[in-house]
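Engineer: Going by my numbering, the sequence shown wraps up at 242, each residue one higher than the last.
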Amino acid sequence: MGGLLLWLLRITARVKVEGYNRRKLDPKDKGLILIHNHPSLWEPALLPFLFFPWYLFSLRFVPLSVPDKKNYHDKWWFSLVRAVCIPMERGNPKGEARALRRMREKLLEGRVLILAPEGGRTFKGEEFKVIRGGKIDVVGSLPEIDLRNNKALRRFKPGVSWLVFNTKAEILPVWTEGGEEVIPNKFSFKLPFPRFWRQALLKIGEPLDLGELPKKEITEFLEDSMLKVGAEGQF
């Protein structure tokens, strides 16, 4: 159902997908981590269905998402998708470590993991990276950034470097925009109805094989790679 909905949204130009190629979505033997920026609640709902219809024929194409345990995974209305989720218990070091171990296990099985390394929606961050004028800077607040002409990203959580270093999985960066117009971040209802007439963008970059990149350099490399996917064609 979700895969057909994404196709319909693409046909009607409500969701624009750039850089789509089935080859990029193949987890192969090492597993695949699809990392994305997180401006809204819309992109986590869309991204799993990029793997439609391939997951109808092979379990390895069934993506696993990583929702927040308290705010989403444990809610009654989330029950239909729990089977394809690994809950992240934010603020609980033991719970976070447990989730990372489960993610590692699934990646070593050659599965697909969809992960937002920002650890929450972008606007909730306290430190950001921005690419402007072709240069990447670190800033302390979003008001410092003109988002109409620049791309901003909340700094990634350290767990992503541990996960990549300990699995050697391939990374697929996907930049998203416009989701906050479809499902506004500030809404008067707890379960807002999506504004399907608004347009969202999914920009799929090239897969990254980090090989033997030192663990301390992984986070920086992934942040910069994500920003470059977002800014491609802008400068």
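Note that CB positions come from ideal geometry on N, CA and C, so glycine has one too.
Go ahead and pull the three-state DSSP assignment for ALA159.
Structural biologist: It is a strand residue.
Engineer: Going by beta carbon distance, what residues of the same chain come within less than 7 Å of ARG205, once the five residues before and after it are set aside?
Structural biologist: Cβ within range, chain order: GLY185, GLU188 and VAL189.
Engineer: Roughly how many angstroms lie between the CA atoms of LEU16 and PHE58, to the nearest whole one?
Structural biologist: Rounded to whole angstroms, LEU16 to PHE58 spans 15 Å at the Cα level.
Engineer: Ordered along the chain, which non-local residues of its own chain (more than five positions away) have a Cβ less than 7 Å from that of SER72?
Structural biologist: These residues qualify, in order along the chain: PRO51, PRO55, VAL91, CYS92 and ILE121.
Engineer: Which value, in whole angstroms, describes the spacing of the CA atoms of LYS223 and VAL181?
Structural biologist: In a straight line, the C-alpha of LYS223 is about 22 Å away from that of VAL181.
Engineer: On the premise that VAL145 lies in contact with GLU134, defined as a C-beta separation below 8 Å, what is that separation, rounded to the nearest angstrom?
Structural biologist: Right, the Cβ-Cβ distance comes to about 7 Å (below 8 Å), so this counts as a contact.
Engineer: Express the C-alpha separation of ILE138 and PRO214 in angstroms, rounding to a whole number.
Structural biologist: Straight-line Cα distance between these residues: approximately 21 Å.
Engineer: Starting from ASP144, follow the beta strand (DSSP E) in both directions and report where the run begins and ends.
Structural biologist: First-last of the beta strand (DSSP E) with ASP144: 142 to 146.
Engineer: Beta carbon of ILE225, beta carbon of VAL171: below 7 Å?
Structural biologist: Cβ distance < 7 Å, so ILE225 and VAL171 count as in contact.
Engineer: Excluding the 5 residues preceding and the 5 following LEU115 in the sequence, name in chain order all residues of the same chain whose CB lies nearer than 7 Å to its CB.
Structural biologist: Here the set comprises GLY38 and THR174.
Engineer: In whole angstroms, give me the CA-to-CA distance for GLY166 and LEU220.
Structural biologist: Rounded to the nearest angstrom, the two C-alpha atoms are 16 Å apart.
Engineer: Alpha carbon to alpha carbon, what distance is there between ASN28 and MET95?
Structural biologist: Rounded to the nearest angstrom, the two C-alpha atoms are 29 Å apart.
Engineer: Does the beta-carbon of PRO70 have 16 or more other beta-carbons within 10 angstroms, so that it is buried, or is it exposed?
Structural biologist: Buried.
Engineer: Return the first residue and the last residue of the alpha helix (DSSP H) that ALA106 is part of.
Structural biologist: Segment 100 to 115, the alpha helix (DSSP H) holding ALA106.
Engineer: Between which two residues does the alpha helix (DSSP H) containing PHE228 stretch?
Structural biologist: 222 to 238 is the span of the alpha helix (DSSP H), which, as asked, contains PHE228.
Engineer: Write down every uninterrupted run of the beta strand (DSSP E) in the stretch 38 to 73 whose length is 3 residues or greater and which is fully enclosed by it, in chain order.
Structural biologist: As far as the stretch 38 to 73 is concerned, its whole beta strand (DSSP E) runs of at least 3 residues are 39 to 43 and 70 to 72.
Engineer: When the Cα atoms are used, what is the spatial distance from HIS45 to GLU125?
Structural biologist: For HIS45 and GLU125, the distance between alpha carbons rounds to 7 Å.
Engineer: Just to confirm my understanding: we take GLY218, look at its own chain, exclude 5 residues before and 5 after, and list those with CB closer than 8 Å. What are they?
Structural biologist: LYS175.
Engineer: Using a threshold of 7 Å, state whether the C-beta atoms of VAL88 and LEU209 are closer than that.
Structural biologist: No; because the gap between Cβ atoms is not below 7 Å, this pair is not in contact.
Engineer: I'd like the list of long-range same chain contacts for LEU63, defined as Cβ closer than 7 Å, with 5 residues on each side in sequence excluded.
Structural biologist: So the list is empty, once near-sequence residues are dropped.
Engineer: How about LEU41 and LEU179: are their beta carbons less than 7 Å apart?
Structural biologist: Yes, they are a contact pair.
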